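Asker:
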Amino acid sequence: MTAAKRQTRSGAPRIVLRLYVAGESPNSLLARLRLDMVCRELNEPWQLDVVDVLKRPNQSVIVTPTLVRLRPKPEVRMVGSLSDREALRRVLLSTGTTS
Amino acid sequence: MRNARKEVVARAVSRVIQRPTGIVGLDQLLRGGLPEGRTTLVAGGPGCGKTLLALETLVHGARDHDEPGIFVALEEGAEHVIANAATLGWNLPQLQKKRLFFLDARLPSSVIHDGAFDLQALLAGLDERCRTMGARRVVFDGINELLLLLNDPAAERREMYRLSEWLTNRKLTGIVTCKIDHRSGFSSERDSYLQYLSDCVVFLEHRPTGAVPLRRLRILKCRGIHHQTSEVPFAITGNGLDVAAPPLPATLGPQATTERISAGVARLDTMLLGGYYRGASILLSGAPGTAKSTLAAAFAAAAARRKERTLYVTFDETPDRVIRNMRSVNIDLAKHVRSGALRIVAGYRATRSAIDDVAWIVAEAGRHRARCLVVDPLTALVSGGGALIGEEAATHLLRFAQANGITLLSTSLLSGVDALGEATSIGISTLADTWIHLSYVARAGERNRALTIVKSRGVGHSNQVRELVLSNKGIALADVFFADGDVLMGTLRWQKENEARLVHDQQRRDHARLAHDAAAEVAETKTSLARLTQELKRQEAALQDLVASSERTLQSGRRTTATIAKMRAGDAPAGMHRAGTSSHRRLA
Chain Z
159 MTAAKRQTRS GAPRIVLRLY VAGESPNSLL ARLRLDMVCR ELNEPWQLDV
209 VDVLKRPNQS VIVTPTLVRL RPKPEVRMVG SLSDREALRR VLLSTGTTS
Chain G
780 MRNARKEVVA RAVSRVIQRP TGIVGLDQLL RGGLPEGRTT LVAGGPGCGK
830 TLLALETLVH GARDHDEPGI FVALEEGAEH VIANAATLGW NLPQLQKKRL
880 FFLDARLPSS VIHDGAFDLQ ALLAGLDERC RTMGARRVVF DGINELLLLL
930 NDPAAERREM YRLSEWLTNR KLTGIVTCKI DHRSGFSSER DSYLQYLSDC
980 VVFLEHRPTG AVPLRRLRIL KCRGIHHQTS EVPFAITGNG LDVAAPPLPA
1030 TLGPQATTER ISAGVARLDT MLLGGYYRGA SILLSGAPGT AKSTLAAAFA
1080 AAAARRKERT LYVTFDETPD RVIRNMRSVN IDLAKHVRSG ALRIVAGYRA
1130 TRSAIDDVAW IVAEAGRHRA RCLVVDPLTA LVSGGGALIG EEAATHLLRF
1180 AQANGITLLS TSLLSGVDAL GEATSIGIST LADTWIHLSY VARAGERNRA
1230 LTIVKSRGVG HSNQVRELVL SNKGIALADV FFADGDVLMG TLRWQKENEA
1280 RLVHDQQRRD HARLAHDAAA EVAETKTSLA RLTQELKRQE AALQDLVASS
1330 ERTLQSGRRT TATIAKMRAG DAPAGMHRAG TSSHRRLA
């Protein structure tokens, strides 16, 4: 597991994310970059794990990159290089139905 | 870079290793099997059997060739696929323990798509799975779904290429199933790259023809393998796919034997110089009621008596009725059924395609390990999809029988009574080795059955007609009677035979009489001869006497003359001068 970005305050952050990437492939790099940018624009802490499936294959992940929003519930999955910033923001911030 | 290029060239030049699919007929079309380390595309419309074909390849690989496999379900869920295949008797749960793995790789509908993605995660996961399982075959079922999501032709191509490369690098035998509109085929640009990318493309089609569905398969291409290109029908049976591929010449079964087996009627065996050839195909044709089934049953009974396993397939009757009908001509089929040598099965008519029927017959024959096979009537196949399909199916059945050394006897319905000029309705007569035609001859208020051997390959046969007589004692063949250039049967025959017998008797008597007369003459002549011989002897004796007495007379005359001369001592008669001189001297 590569380094996780944390912003420690009191307790765990509201937003917990896991990004599955395939090494340094273009889509994966783009996704990481974009996710990073959008997350920084949030006014709250977030937790992100980046998992490289080439090193740690995961049976439930079919395509890369796959972003899983573990918190807040319910769990939401997004696939792709996250080119639509607005959609990504909505997903990160939404608390109920999927967008 | 140079090394990579060298490797590519080397790969291209090396011989393609083929992995058998285990599907009946498909390996024949491929002349071995699917190419290892390459992508095979199985394309077709919905419901045409792509998933089944792919799955069956995995099953056979896992079960029969020690090649575990992974089924990646991209469209239809894994449980669904397993449930559908449950009726096929593959025992998937058993295989799933170690040799077969189902991966449900569908993206749930709740997943949000945002941007481009690739299949590396899937392949990474499969990598690990392949390592632990030792998998050699991988199926990607329903690739369209995934590619559709990419929504980018360039990306589609890239991912398909990635998949293909992955399979090659790991030397796996890969099958990708893909939905294709059967009407347009691969014409759409979107889909045509799939065809170019794959090394082997199998195209399946499912065409409803009237009430009966028709399934066809064709190998569009297979790089590196000299495959058969014809489009062939196939059926989905209780065991999987059954592809009706024409057999390769080298595999046409055992060499032609010269063994003969009984046709069930002694005189027919004689006409055939011993019987039917083992492993030959025999056709009995004729109008309804001409006793084709009876002859077929006689053949089956004879085979069963020889303790050879025989399968009797009937499309017209139930097995019980067949047994009952044959009992009336003294053929006891029930006994053979009980002993297990004979099995009678009834087929359906017209509810499924001819090739399905044939696949079923083949399966039954295999199950019974039949050496002899009767199909009554074979023309039932015509109703399942039309004449052309029926002919294909019949040919397939014939080839199956030939390849396995099974003697096949089929009956064929002909619509006309004068049928020697007609071809049989499914053209099978050119393929059969022996063709016997049964017909009615109607005359003088009677109908009698005639049997003709129309042709018999490799067998010298009498080209004459015989009358087929059925009675409660069994089947018999009787000579027909020729009179005035006509063939007579039945009571007319009996009449004529009677007449002939009378004439013959009369002739015999005449001969006897003549012989008697001649003998009498001979005796008479002999007597005359004896008498005349006697006469001859007598006359000869008389002649002798006459000759002898005249001799004596002459002799005594001479003596008398000589004596007188002596007594006179005088002048000897002139003739005696010299002789007399000496005697004269003596006297002086």
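Chains as they are written, first to last, in this note's numbering: chain Z, 159 to 257; chain G, 780 to 1367.
Every residue, glycine too, gets a C-beta built ideally from N, C-alpha and C.
Keep in mind that this is a model prediction, so the values were computed, not measured.
Using a cut-off of 9 angstroms between C-beta atoms, extract the partners of Gly848 of chain G located in chain Z.
Answerer: What Gly848 of chain G touches in chain Z: nothing, since even the nearest Cβ is about 17 angstroms away.
Asker: DSSP beta-bridge partners for Phe919 of chain G?
Answerer: Answer by DSSP bridge pairing, in chain order: G:Val851 and G:Val955.
Asker: Strictly below 8 angstroms CB to CB, what residues from chain G border Leu212 of chain Z?
Answerer: Going along chain G in sequence order, the residues near Leu212 of chain Z (Cβ under 8 angstroms) are Gln899 and Ala903.
Asker: Following the continuous alpha helix (DSSP H) through Cys197 of chain Z, name the residue where it begins and the one where it ends.
Answerer: Residues Pro184 to Glu199.
Asker: Identify, in the order they occur along the chain, each residue of the same chain with its Cβ nearer than 8 angstroms to the Cβ of Thr1073 of chain G, setting aside the five sequence neighbours on each side.
Answerer: Hits under 8 angstroms: Asn1104, Met1105, Val1108, Ile1110, Leu1249 and Ile1254.
Asker: Under a three-way DSSP split, which group does Leu898 of chain G fall into?
Answerer: Leu898 of chain G falls in the coil class under three-state DSSP.
Asker: With hydrogens ignored, establish whether the beta-carbon of Val838 of chain G is closer than 7 angstroms to any heavy atom of the ligand ADP.
Answerer: The ligand content of the structure shown is nil, which means the ligand ADP is not present either.
Asker: Let's test the definition: count the other Cβ atoms within 10 Å of the Cβ of Trp1273 of chain G and tell me whether it reaches 16, buried, or not, exposed.
Answerer: Burial call: exposed.
Asker: What do you get for Asp194 of chain Z, buried or exposed, if any count of 16 or more other CB atoms within 10 angstroms of its CB means buried?
Answerer: Classification of Asp194 of chain Z: exposed, given that the 10 Å Cβ count is below 16.
Asker: According to DSSP, what are the bridge partners of Ile1140 of chain G?
Answerer: Partner(s): none; Ile1140 of chain G has no beta bridge.
Asker: Skipping 5 residues on each side, what residues in its chain have a beta carbon closer than 6 angstroms to that of Ile802 of chain G?
Answerer: Same-chain partners within the cutoff: Glu835 and Leu1020.
Asker: If contact means a Cβ-Cβ distance below 8 angstroms, which residues of the region 233-244 of chain Z contact chain G?
Answerer: Listed by position along the chain: Val234, Arg235, Met236, Val237, Gly238, Ser239, Leu240, Ser241 and Asp242.
Asker: Within this structure, are the beta carbons of Cys957 of chain G and Ile922 of chain G separated by less than 8 angstroms?
Answerer: Yes, the Cβ-Cβ distance between Cys957 of chain G and Ile922 of chain G is below 8 angstroms.
Asker: When Cβ atoms are compared, which residues of the region 204-231 of chain Z fall closer than 8 angstroms to chain G?
Answerer: The region 204-231 of chain Z vs chain G, Cβ under 8 angstroms: Val211, Leu212, Pro215, Asn216, Gln217, Val219, Ile220, Val221, Thr222, Pro223 and Thr224.
Asker: Quick one: which chain Z residues come within Cβ less than 8 angstroms of Phe881 of chain G?
Answerer: Result: empty, since nearest Cβ-Cβ is about 12 angstroms, beyond 8 angstroms.
Asker: Along the chain, where does the alpha helix (DSSP H) containing Glu1319 of chain G start, and where does it finish?
Answerer: Start and end: Gly1269 to Arg1347.
Asker: Since Leu942 of chain G and Leu898 of chain G are thought to touch, with beta carbons under 8 angstroms apart, how far apart are those beta carbons, to the nearest angstrom?
Answerer: Rounded, the Cβ-Cβ distance is 7 angstroms, consistent with contact.
Asker: Would you decide whether His839 of chain G is buried or exposed? Buried here means 16 or more other CB atoms lie within 10 Å of its CB.
Answerer: The residue in question, His839 of chain G, is buried, as its Cβ has 16 or more Cβ neighbours within 10 Å.
Asker: Determine the DSSP secondary structure at Val1116 of chain G, reduced to helix, strand or coil.
Answerer: Residue state, collapsed to three classes: helix.
Asker: I need the straight-line Cα distance from Asp1197 of chain G to Asp1095 of chain G, nearest angstrom please.
Answerer: Because Asp1197 of chain G sits at a pLDDT of 38, beneath the cut-off of 50, its placement in the model cannot be relied upon, and the following sentence gives the value as read from the coordinates. Their Cα atoms are separated by approximately 23 angstroms.
Asker: Give, in chain order, every residue of the region 182-196 of chain Z whose Cβ lies closer than 9 angstroms to some Cβ of chain G.
Answerer: Those residues of the region 182-196 of chain Z that come within reach of chain G (Cβ to Cβ, closer than 9 angstroms) are Ser183, Pro184, Asn185, Ser186, Leu188, Ala189 and Arg192.
Asker: By DSSP, does Gln875 of chain G sit in helix, in strand, or in coil?
Answerer: DSSP places Gln875 of chain G in helix when its eight states are reduced to three.
Asker: Let me see if you follow: with CB-CB separation under 8 angstroms, is Leu251 of chain Z close to chain G or not?
Answerer: It does not: the Cβ of Leu251 of chain Z has no partner Cβ on chain G nearer than 8 angstroms.
Asker: In whole angstroms, give me the CA-to-CA distance for Thr1037 of chain G and Ala1182 of chain G.
Answerer: Computed Cα separation, rounded: 16 angstroms.
Asker: Determine the chain Z residues that contact His892 of chain G at a beta-carbon separation under 7 angstroms, and present them in chain order.
Answerer: In chain order: Val237 and Gly238.
Asker: Nearest by alpha-carbon distance to Ser888 of chain G: which of G:Phe880, G:Leu813, G:Glu924 and G:Val1116 is it?
Answerer: With distances taken between Cα atoms, Ser888 of chain G lies closest to G:Glu924.
Asker: Starting from Trp204 of chain Z, follow the beta strand (DSSP E) in both directions and report where the run begins and ends.
Answerer: First-last of the beta strand (DSSP E) with Trp204 of chain Z: Trp204 to Asp210.
Asker: Would you call Ser1328 of chain G buried or exposed, if buried means 16 or more other Cβ atoms sit within 10 Å of its Cβ?
Answerer: That one is exposed.
Asker: Evaluate the contact criterion for the region 971-980 of chain G versus the region 1002-1021 of chain G: three or more CB pairs, one atom per stretch, below 8 angstroms.
Answerer: Taking 8 angstroms as the limit for Cβ pairs, the verdict is that the region 1002-1021 of chain G does touch the region 971-980 of chain G.
Asker: Just to confirm the assignment, what range does the beta strand (DSSP E) spanning Thr1186 of chain G have?
Answerer: From DSSP, the beta strand (DSSP E) with Thr1186 of chain G extends over Thr1186 to Leu1192.
Asker: For Leu228 of chain Z, I'd like the list of residues in its chain whose CB is within less than 8 angstroms of its CB, leaving aside the five on either flank, ordered along the chain.
Answerer: Closer than 8 angstroms at Cβ, skipping near neighbours: Val174, Leu175 and Arg176.
Asker: Suppose you measure from the CA of Ser1204 of chain G to the CA of Lys1071 of chain G; what does that come to, to the nearest Å?
Answerer: Residue confidence for Ser1204 of chain G is low, a pLDDT of 48 falling below 50, so the modelled location carries little weight; the figure read from the coordinates is stated next. Roughly 16 angstroms between the two C-alpha positions.
Asker: Look up Phe1094 of chain G in the DSSP assignment and say whether it is helix, strand or coil.
Answerer: Note: Phe1094 of chain G maps to coil in three-state DSSP.
Asker: Excluding sequence positions up to five away, which residues of its chain have a Cβ less than 6 angstroms from the Cβ of Ala1144 of chain G?
Answerer: Same-chain partners within the cutoff: Leu1090 and Leu1152.
Asker: Compare the C-alpha of Pro171 of chain Z against each of Z:Ser241, Z:Leu200 and Z:Pro223 and name the closest.
Answerer: Per the Cα distances, Z:Leu200.
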